[in-house]
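*Asks:* Just passing along the structure, written as structure tokens.
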Amino acid sequence: MGNKNTGKKYNEDFKKMIVDLYNSGSSAKGLSSEYGVSEVTIYAWVKKFSPIQTEDGSTVTADEIANMKKQMLRLQEENEILKKAMAIFAKK
2 MGNKNTGKKY NEDFKKMIVD LYNSGSSAKG LSSEYGVSEV TIYAWVKKFS
52 PIQTEDGSTV TADEIANMKK QMLRLQEENE ILKKAMAIFA KK
């Protein structure tokens, strides 16, 4: 009947452990066969959890960048609401 999604859920610690093993030299193919996780999934976790060097020398992960973008959008929305409220109260 084709490929079925098994719906396995892995916790963050497990994902980070796999990424650490990959970064320490283990192959994605070896990790895939040992832990039963597809190579595509391992590469996605590596992309998500591997640190990115910034200009100031600090590191950040793609997951942290996504969270910061969400927070920035929420704060921008709150600012727009406050600006509109100030304009309403300034007229009174």
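Residue numbers (my numbering): 2 to 93.
Don't be surprised by glycine CBs; every beta carbon is placed ideally from N, CA and C.
Quick caveat, the model's predicted, so the values are computed rather than measured.
1. To which residues does DSSP link Ile53 through a beta bridge?
2. Going straight from the alpha carbon of Ala86 to that of Gln54, what length do you get?
3. Does the separation of the CB atoms of Ser51 and Thr42 fall below 9 Å?
4. Quick one: is Lys71 near chain D, going by C-beta distance under 9 Å?
5. Can you check whether the CB of Val47 is closer than 9 Å to the CB of Ala29?
*Replies:* So, to answer that:
1. Val61
2. Cα-Cα distance, rounded: 40 Å.
3. no
4. Of the protein chains in the structure, only one exists, and it is not chain D.
5. yes
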